[in-house]
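To keep things clear, I will list the structure first and then write my remarks on it.
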Amino acid sequence: MAGLRGEAGDAASELRRVEDEAAGRAKRLLALAEEQVYWRQRLESAASQLERLAAREAEAREALADAEARPRALAEQRAGLLEKAAAAEAERREAADVLARAETELDALSRASREAQASLAEAREERVRLEGLVSRAEQLKSDISRNMAETLECTPAEAASIAEVSGDREPPRPEAVEGRLERLKRERENMGPVNLRADAEAADLSEQLSAMQSEREDLEAAIARLRQGISGLNREGRARMQAAFEAVDGHFGELFKRLFGGGEARLELVNSEDPLEAGLEILASPPGKRLQVMSLLSGGEQALTATALLFAVFLTNPAPVCVLDEVDAPLDDANVERFIDLVEEIAGDTGTRFLIITHNPISMSRMDRLFGITMAERGVSQLVSVDLARAEDLRATA
Numbered sequence: 218m219a220g221l222r223g224e225a226g227d228a229a230s231e232l233r234r235v236e237d238e239a240a241g242r243a244k245r246l247l248a249l250a251e252e253q254v255y256w257r258q259r260l261e262s263a264a265s266q267l268e269r270l271a272a273r274e275a276e277a278r279e280a281l282a283d284a285e286a287r288p289r290a291l292a293e294q295r296a297g298l299l300e301k302a303a304a305a306e307a308e309r310r311e312a313a314d315v316l317a318r319a320e321t322e323l324d325a326l327s328r329a330s331r332e333a334q335a336s337l338a339e340a341r342e343e344r345v346r347l348e349g350l351v352s353r354a355e356q357l358k359s360d361i362s363r364n365m366a367e368t369l370e371c372t373p374a375e376a377a378s379i380a381e382v383s384g385d386r387e388p389p390r391p392e393a394v395e396g397r398l399e400r401l402k403r404e405r406e407n408m409g410p411v412n413l414r415a416d417a418e419a420a421d422l423s424e425q426l427s428a429m430q431s432e433r434e435d436l437e438a439a440i441a442r443l444r445q446g447i448s449g450l451n452r453e454g455r456a457r458m459q460a461a462f463e464a465v466d467g468h469f470g471e472l473f474k475r476l477f478g479g480g481e482a483r484l485e486l487v488n489s490e491d492p493l494e495a496g497l498e499i500l501a502s503p504p505g506k507r508l509q510v511m512s513l514l515s516g517g518e519q520a521l522t523a524t525a526l527l528f529a530v531f532l533t534n535p536a537p538v539c540v541l542d543e544v545d546a547p548l549d550d551a552n553v554e555r556f557i558d559l560v561e562e563i564a565g566d567t568g569t570r571f572l573i574i575t576h577n578p579i580s581m582s583r584m585d586r587l588f589g590i591t592m593a594e595r596g597v598s599q600l601v602s603v604d605l606a607r608a609e610d611l612r613a614t615a
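Given below as structure tokens:
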């Protein structure tokens, strides 16, 4: 009986051992299944990773091809820009030559006008002097005629007749004249005292009178020529002034509409029909307002109107360089945007380089290059330059 119990105990122990081993094998099989699922997921993830790496490799190869072709494209673009820069420089030099010739012609006309005015002033003074001489000569002639009438009791014409002097007869011989003169002197002495230099003085006065008359004729001819020249200069000046006024007025109206987004503006000559003597009145009508003089507009509207007039004059006679100092200071943000748009368009159309002195952040953000002064150390200033256009290009190609 004891042996059976021992065998039963051993069998029970063996059964528990077998059950434990079976449970361990079941857990092992479950772990192996989980590891199989894990490694299958790893395999799928690796395959997906390989696909992504293959796609990235293809993209990298395309980017490498684009990067290899980029230098050639940049070289072609640089060559085109250099050609445009050379053409723009040639146009600038040609415009500078035209401006220099125009300024030379203007200086010549100004000098001619000043010389003509000086000559006219001298001619007027000379005329007054000659008129005084003529007046004195007339007075002297009258005095001589009166003296002849009192002394000789005859007029100058009668004295010439008495002396038998005429233009169509041959003058008498000197001996005969001297003999007659001696005879007349004796007769005159018998008659009483007489002015022996009356004939010489009359001849001198006649010569002086003839010279003054000739000078007077020359002076009158010179005055006529000066008046004709001054009239021609005035006509040309009026024509140029009228043409310039019409050009500026046309540009002013267009720029005003663009800056204000509508409205009307024009220039008027006032106080005289002569353009050279007339004053200038600026009439403006922003959208929603009636036409009125510029002084009745608000501060911002006056600044924008003045900007339109400034650029109208500039478009009439563009220059290679234009400096604008705090023009955008009284403008709000929207008007600053319009102002900068107009500056960029004019710069593109005329090739002008604009130098704008400003503290407005909107204006500074729209510039191609910024220059500023910084003080790295106390009392030591340094110029700082930022090429915004180059920075934009680099960002676009990055």
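Under my numbering, residues 218 to 615 are what the sequence shown spells out, in order.
A virtual CB, placed ideally from N, CA and C, is assigned to each residue, including glycine.
Please read these numbers as outputs of a predicted model, since none were measured by experiment.
Annotated as distal: residue 536 and residue 575, with beta-carbon spacing of 8 Å or more. In chain order, 499, 501, 519, 522 place their CB closer than 7 Å to the CB of residue 511, counting only its own chain and leaving out the 5 sequence neighbours on each side. Taken through DSSP and simplified to helix, strand or coil, residue 533 comes out as helix. Each residue's CA atom was taken as its position, placing residue 347 and residue 358 some 16 Å apart. DSSP, reduced to helix, strand and coil, places residue 241 within a helical segment of the structure shown. For residue 610 and residue 327, the gap between their C-alpha atoms comes out near 49 Å. Secondary structure at residue 602: strand, using DSSP grouped into helix, strand and coil.
In the three-state scheme derived from DSSP, where H, G and I count as helix and E and B as strand, residue 589 is classed as strand.
At a Cβ-Cβ threshold of 8 Å, residue 557 and residue 595 do not count as neighbours. In the DSSP assignment, residue 555 falls within the alpha helix (DSSP H) that extends over 550-567. If you ignore the 5 residues before and after residue 473, its C-beta comes within less than 6 Å of the C-beta of 482, 525, all in its own chain and listed in chain order. In the three-state scheme derived from DSSP, where H, G and I count as helix and E and B as strand, residue 570 is classed as strand. When secondary structure is reduced to three states using DSSP, residue 507 falls in the coil class, being assigned neither helix nor strand.
Going by beta carbons, residue 462 and residue 484 fall inside the 8 Å limit.
Annotated three-state conformation of residue 403 is helix, per DSSP. In the DSSP assignment, residue 582 falls outside any beta strand (DSSP E) and within the unbroken alpha helix (DSSP H) covering 578-582.
The beta-bridge partner set that DSSP reports for residue 344 is empty. Residue 401 and residue 407 have their C-alpha atoms some 10 Å from each other.
Contact annotation: residue 554 and residue 579 have beta-carbon atoms nearer than 8 Å. Residue 483 carries a strand assignment under DSSP once its states are collapsed to helix, strand and coil.
Spanning the alpha carbons of residue 551 and residue 545 requires a straight line of approximately 11 Å. When Cβ pairs closer than 8 Å are counted between the two stretches, the region 417-433 is seen not to touch the region 319-333, the count staying below three. For residue 497, the enclosing beta strand (DSSP E) stretches over residues 496-502. Comparing C-alpha distances from residue 486 to each of 395, 495, 244 shows the shortest one belongs to 495.
Listed in chain order, the non-local C-beta contacts of residue 603 below 6 Å within the same chain comprise 587, local neighbours out to five positions each way being set aside. DSSP places residue 542 in the uninterrupted beta strand (DSSP E) bounded by 538-542. Taken atom to atom, the span from the alpha-carbon of residue 250 to that of residue 277 is near 40 Å.
By the neighbour-count criterion, in which a residue is buried when 16 or more other Cβ atoms sit within 10 angstroms of its Cβ, residue 441 is exposed.
Taking all protein chains in view, the Cβ of residue 288 is surrounded by fewer than 16 other Cβ atoms within 10 Å, so the residue is classified as exposed. Shown here, residue 268 sits in a helix according to DSSP, grouped into three states. No Cβ-Cβ contact shorter than 8 Å links residue 573 with residue 528. By the neighbour-count definition (other C-beta atoms within 10 Å, threshold 16), residue 503 is a buried residue. Here DSSP, grouped into helix, strand and coil, assigns residue 490 to coil. Less than 8 Å divides the Cβ of residue 476 from the Cβ of residue 559. Restricting attention to 404, 445, 354, the CA atom closest to the CA of residue 425 is found in 354.
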